Amino acid sequence: MKRHYSGFSRIRFLIVNLIVLSFISSSVLFAADDVPVVVQPVLGRIEIDGMLDEPEWKRDPAAIRLTQVEPRNGEPPSENTRVWLAYSKDALYIAVLCLDRNPDQMVATEMRRDAILIDNDNVEIVLDTYHDHRNAYYFSTNPVGALVDGRVTENQMAAMEWDGIWSVRTRIVEDGWTAEFEIPFKTIGFKPGLPEWGFNISRFLARSRETSRWASPSLDTRIFQVVKAGHITGIENPSQGVGLDIKPYGILGFTRDVESRNIIVPPGQPGVNPLSEVHNGGFDVFYRITANLVSSTTVNTDFAETEADTRQVNLTRFQLFFPEKRTFFLEDAGIFEFARIVPDGPPELNAGGDLLPFFSRRMGLVEKFTANGPVGYEVPIRAGEKLTGKIGRFDIGLLDVQTGSYTEPDRVGQPGFRLPGKNLSVGRVKANFLSQSYVGAMFTNGDPTGETSNQMGGIDLKLATSNFLNRGKNLSLMLFGTKTYTTGLNGRDTAYGGFLSYPNDLVTLEYKWMDIGENYNPELGFVPRTGVRISSFDSEISPRPGIWNVRQMSFEFSIKDYYSTVHNDWQTKEVGITPFQWRMNSGDFIGYEWTRSQE
Numbered sequence: 065m066k067r068h069y070s071g072f073s074r075i076r077f078l079i080v081n082l083i084v085l086s087f088i089s090s091s092v093l094f095a096a097d098d099v100p101v102v103v104q105p106v107l108g109r110i111e112i113d114g115m116l117d118e119p120e121w122k123r124d125p126a127a128i129r130l131t132q133v134e135p136r137n138g139e140p141p142s143e144n145t146r147v148w149l150a151y152s153k154d155a156l157y158i159a160v161l162c163l164d165r166n167p168d169q170m171v172a173t174e175m176r177r178d179a180i181l182i183d184n185d186n187v188e189i190v191l192d193t194y195h196d197h198r199n200a201y202y203f204s205t206n207p208v209g210a211l212v213d214g215r216v217t218e219n220q221m222a223a224m225e226w227d228g229i230w231s232v233r234t235r236i237v238e239d240g241w242t243a244e245f246e247i248p249f250k251t252i253g254f255k256p257g258l259p260e261w262g263f264n265i266s267r268f269l270a271r272s273r274e275t276s277r278w279a280s281p282s283l284d285t286r287i288f289q290v291v292k293a294g295h296i297t298g299i300e301n302p303s304q305g306v307g308l309d310i311k312p313y314g315i316l317g318f319t320r321d322v323e324s325r326n327i328i329v330p331p332g333q334p335g336v337n338p339l340s341e342v343h344n345g346g347f348d349v350f351y352r353i354t355a356n357l358v359s360s361t362t363v364n365t366d367f368a369e370t371e372a373d374t375r376q377v378n379l380t381r382f383q384l385f386f387p388e389k390r391t392f393f394l395e396d397a398g399i400f401e402f403a404r405i406v407p408d409g410p411p412e413l414n415a416g417g418d419l420l421p422f423f424s425r426r427m428g429l430v431e432k433f434t435a436n437g438p439v440g441y442e443v444p445i446r447a448g449e450k451l452t453g454k455i456g457r458f459d460i461g462l463l464d465v466q467t468g469s470y471t472e473p474d475r476v477g478q479p480g481f482r483l484p485g486k487n488l489s490v491g492r493v494k495a496n497f498l499s500q501s502y503v504g505a506m507f508t509n510g511d512p513t514g515e516t517s518n519q520m521g522g523i524d525l526k527l528a529t530s531n532f533l534n535r536g537k538n539l540s541l542m543l544f545g546t547k548t549y550t551t552g553l554n555g556r557d558t559a560y561g562g563f564l565s566y567p568n569d570l571v572t573l574e575y576k577w578m579d580i581g582e583n584y585n586p587e588l589g590f591v592p593r594t595g596v597r598i599s600s601f602d603s604e605i606s607p608r609p610g611i612w613n614v615r616q617m618s619f620e621f622s623i624k625d626y627y628s629t630v631h632n633d634w635q636t637k638e639v640g641i642t643p644f645q646w647r648m649n650s651g652d653f654i655g656y657e658w659t660r661s662q663e
């Protein structure tokens with residue numbers, strides 16, 4: 065059969081091949097040009113007090129020289145920073161002296177755990193302990209000792225939900241401020257026997273909005289892009305101990321019904337006891353099977369300390385998104401991400417925010433549609449098991465949860481119902497290749513409501529580089545496809561799409577295309593719209609003119625369309641234009657934005 069190709073098809077074919085070839089060539093040719101810094105063994109016990117008076121810190125500082133990222137890219141920093149590295153069999157120690165000729169002008173206002181330090185003087189550290197140039201641990205502090213930590217996954221912005229056991233002490237001294245870090249090896253996972261780890265450090269001077277960094281101080285690079293981190297070497301035989309952490313809990317108490325005194329008891333009937341006993345118990349067990357593999361077990365999971373959801377007002381006809389906040393599900397959550405390409409956005413922006421094939425809040429938090437609209441119910445989790453980590457070049461994640469039954473009694477105008485206990489599971493595997501690319505698969509099983517039999521299977525492919533055409537630019541291409549299997553729903557049960565992203569300092573371009581079938585139904589996922597074809601384009605040009613005290617100007621244009629595949633008509637159109645936005649040297653913003661949304 066003779067085939068005919070249009071001119072547009074030929075052009076598209078050539079563009080796709082050019083992009084794929086550039087990923088391969090850039091990934092092979094790119095290599096860090098830094099010399100690894102040697103980490104020295106400790107000479108004795110180091111007391112974490114911020115004093116920097118131990119012999120380890122009297123040695124010459126490590127060969128780590130920071131360079132300005134902005135405002136004067138490539139120039140030496142206005143204030144010097146000295147860094148020392150040491151290790152024992154149990155921990156990595158990092159000492160930082162932030163010299164400052166005007167210490168009275170330092171800004172340090174935050175002491176909360178995982179506070180946003182964007183307006184504080186701060187130091188940031190990333191540690192790639194697997195040396196895979198993809199994933200890392202993130203640590204940060206300010207002059208008053210705030211503890212900020214997170215996990216970097218696939219060179220994306222750090223997820224701050226991870227809270228490791230580590231310590232830092234700081235002191236404001238005559239010529240600046242100091243920070244002394246202790247990072248126990250039992251807190252972090254690593255690949256045994258590696259001669260090198262990835263490492264990077266940056267410093268932010270709040271009063272002048274000056275950022276300086278050790279490795280790759282480019283305007284197109286962020287601290288969490290581990291692929292461009294430097295390297296440290298010399299850490300020999302680190303120990304993680306037994307690798308076992310047990311957290312039991314117990315609750316015992318009484319509740320009193322203050323309304324019971326108003327109840328009239330008929331003669332001959334037993335009285336109403338205003339007191340009722342409350343008791344419960346359970347435990348969490350975290351066991352590091354190997355240095356690369358972690359098992360997490362929970363029994364009668366307690367979410368009493370979970371942060372409450374932020375109140376939202378829904379002005380649309382679609383579901384609102386509430387992020388996961390439960391610790392058991394947040395640990396190593398990055399492994400279960402699917403088709404995420406937004407480099408500096410939260411994990412909920414997987415697939416651009418329109419599709420989450422797996423959403424952990426579906427486990428233990430069930431949404432049921434009633435006559436008065438959707439209502440959420442908390443269902444007890446009787447037991448759960450999670451296995452996450454790395455095996456060779458594969459990232460793996462397995463999660464299995466058994467929920468208990470839940471009964472909602474009859475209420476005025478609303479009949480009661482019963483939700484049976486269900487077994488819910490998800491599996492995720494990614495095979496890494498080149499420097500930042502992977503091909504992955506995901507599978508989910510179970511319906512939290514117990515109303516159907518439901519499974520979802522999907523694959524995703526990511527091609528990414530931070531050295532596009534050997535010019536040091538970022539480019540990523542994501543392709544994915546998923547299918548659901550639901551009792552009573554046949555056909556039109558797939559979702560697939562692609563994203564192309566070019567996020568850089570001067571020019572940012574993003575294009576997304578997605579098709580979500582009418583019967584696509586991942587019961588363990590989050591999909592606000594089905595039966596739609598989505599396309600969007602975002603562009604931003606951000607020059608740095610160096611005039612009028614303006615750090616950077618931005619001009620933005622975006623358009624997004626939702627087309628109904630059910631009714632074959634346009635559904636929603638969103639257009640946004642920012643004719644100007646100025647980021648001043650002071651950190652202030654001046655701008656104007658125009659948006660229009662049509663239904």
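The working numbering numbers the first residue of the sequence shown as 65 and each following residue consecutively.
Virtual Cβ for every residue (Gly too), placed ideally from N, Cα, C.
Please read these numbers as outputs of a predicted model, since none were measured by experiment.
Quick check on the DSSP output: the alpha helix (DSSP H) that includes Phe288 runs from which residue to which? Premise fails: Phe288 is in no alpha helix (DSSP H) and is neither H nor E.
Quick check: the Cα distance between Thr242 and Tyr201, rounded to an integer number of angstroms? Going by C-alpha positions, Thr242 is about 21 Å away from Tyr201.
Using the DSSP secondary-structure output, state which residues sit across from Phe619 in a beta bridge. The partner list for Phe619 (beta bridge, DSSP) reads Ile605.
Just curious, the beta strand (DSSP E) that Leu564 is in, first and last residue? That run of the beta strand (DSSP E) goes Thr558 to Pro567.
Take the Cβ of Trp278 as the centre, count every other Cβ of all protein chains shown within 10 Å, and call the residue buried at 16 or more, exposed below. With 16 or more other Cβ atoms within 10 Å, it is buried.
Using a Cβ-Cβ cut-off of 8 Å (strictly less than) and excluding sequence neighbours within five positions of Phe497, which residues of its own chain qualify? So the qualifying residues of the chain are Arg457 and Val503.
Report yes or no: do the segment 262-278 and the segment 306-315 share at least 3 C-beta pairs separated by less than 8 Å? No, they do not touch.
DSSP state of Ser424, grouped into three classes? Annotated three-state conformation of Ser424 is helix, per DSSP.
So, does the segment 172-186 touch the segment 144-153, judging by three or more C-beta pairs under 8 Å? They do not touch, by the three-pair rule.
Any chance the CB of Val358 is under 8 Å from a heavy atom of the ligand MN? No copy of the ligand MN appears in this structure; indeed no ligand is present at all.
Alpha carbon to alpha carbon, how far is Gly114 from Glu225? The straight-line gap from Cα to Cα measures roughly 26 Å.
Threshold first: 3 residues or longer. Then list the beta strand (DSSP E) segments lying entirely within the segment 461-538, N to C. Counting whole runs of 3 or more residues, the segment 461-538 contains the beta strand (DSSP E) stretches 470-472, 481-483, 487-497, 501-509 and 518-532.
Endpoints, the beta strand (DSSP E) within which Thr659 is located: Element bounds for Thr659: Phe653 to Gln662.
Taking Leu570 as the reference, give the member of Tyr584, Leu357, Asn554 and Lys537 with the closest Cα. Nearest to Leu570 by C-alpha distance, out of Tyr584, Leu357, Asn554 and Lys537, is Lys537.
If you pair each beta-carbon of the segment 383-394 with each one of the segment 417-428, do three or more pairs fall below 8 Å? Between the segment 383-394 and the segment 417-428, the count of Cβ pairs shorter than 8 Å is three or higher; the stretches touch.
Taking the alpha-carbon positions, what's the Arg608 to Ala172 distance? Cα to Cα, the separation comes out at about 28 Å.
Kindly indicate the opening and closing residues of the alpha helix (DSSP H) around Thr391. Thr391 -> alpha helix (DSSP H) spans Thr391 to Leu394.
Determine whether the beta carbon atoms of Ile32 and Glu620 lie at a separation below 9 Å. Because the chain spans 65 through 663 in this model, residue 32 falls outside it and cannot be assessed.
Using the Cα positions of Gly209 and Glu244, report the straight-line distance between them to the nearest angstrom. The straight-line gap from Cα to Cα measures roughly 9 Å.
Under 6 Å Cβ to Cβ from Asp459, same chain only, skipping five residues before and after it: list those, please. Excluding residues within five positions, the ones whose Cβ falls inside 6 Å are Ile399 and Lys494.
For Pro281, collect the residues of the same chain with a Cβ closer than 6 Å to its Cβ; drop the 5 residues on either side in sequence, then sort them by chain order. Cβ neighbours of Pro281 beyond the five flanking positions: Thr131 and Val133.
According to DSSP, is Leu413 helix, strand or coil? In this prediction, Leu413 has a pLDDT of 44, which is less than 50 and means its spatial position is unreliable; nothing more can be read from the coordinates.
Can you name, in chain order, every residue of its own chain whose Cβ lies under 6 Å from the Cβ of Glu449, other than the five neighbours on each side? Here Glu449 has Thr361 and Asp464 as same chain residues with Cβ atoms under 6 Å from its own Cβ, once five neighbours each way along the sequence are excluded.
Under a three-way DSSP split, which group does Ile399 fall into? In the three-state scheme derived from DSSP, where H, G and I count as helix and E and B as strand, Ile399 is classed as helix.
C-alpha distance - Ile299 paired with Glu111, whole-angstrom precision: Using only the alpha carbons, I get a separation of about 20 Å.
Quick check on Ser91: does DSSP put it in helix, strand or coil? Because Ser91 carries a pLDDT of 46, less than 50, the predicted location of this residue cannot be relied on, and the following value inherits that uncertainty. Taken through DSSP and simplified to helix, strand or coil, Ser91 comes out as helix.
Distance, Gln104 Cα to Thr374 Cα: If you take the alpha carbons of Thr374 and Gln104, they lie about 46 Å apart.
Does Ser499 pass the burial test, meaning 16 or more other C-beta atoms within 10 Å, or should it be called exposed? Buried is the call here.
Beta-bridge pairing of Gly640 - partner residues as DSSP gives them: Ser622 and Thr659.
Assigned exposure category for Ser266 - 16 Cβ within 10 Å defines buried: Under this definition Ser266 is a buried residue.
Whose C-alpha, out of Val596, Met617 and Arg615, is nearest the C-alpha of Asp633? Restricting attention to Val596, Met617 and Arg615, the CA atom closest to the CA of Asp633 is found in Val596.
Residue interval of the beta strand (DSSP E) (run including Gln132): Looking at the DSSP string, the run of the beta strand (DSSP E) that includes Gln132 is Thr131 to Glu134.
Cβ pair Met520, Tyr549 closer than 9 Å: Contact check for Met520 against Tyr549 passes: the beta carbons are separated by less than 9 Å.
Short Cβ contact (9 Å threshold) for Val216 with Thr205: One thing to note: Val216 has its Cβ no nearer than 9 Å to the Cβ of Thr205.
Let me check understanding here. Comparing Cα to Cα, which of Asn531, Asn509, Ser628 and Asp625 lies closest to Gly589? Measuring from the Cα of Gly589, the nearest candidate turns out to be Asn509.
For the beta strand (DSSP E) that Pro248 lies in, which residues bound it at each end? Looking at the DSSP string, the run of the beta strand (DSSP E) that includes Pro248 is Gly240 to Pro248.
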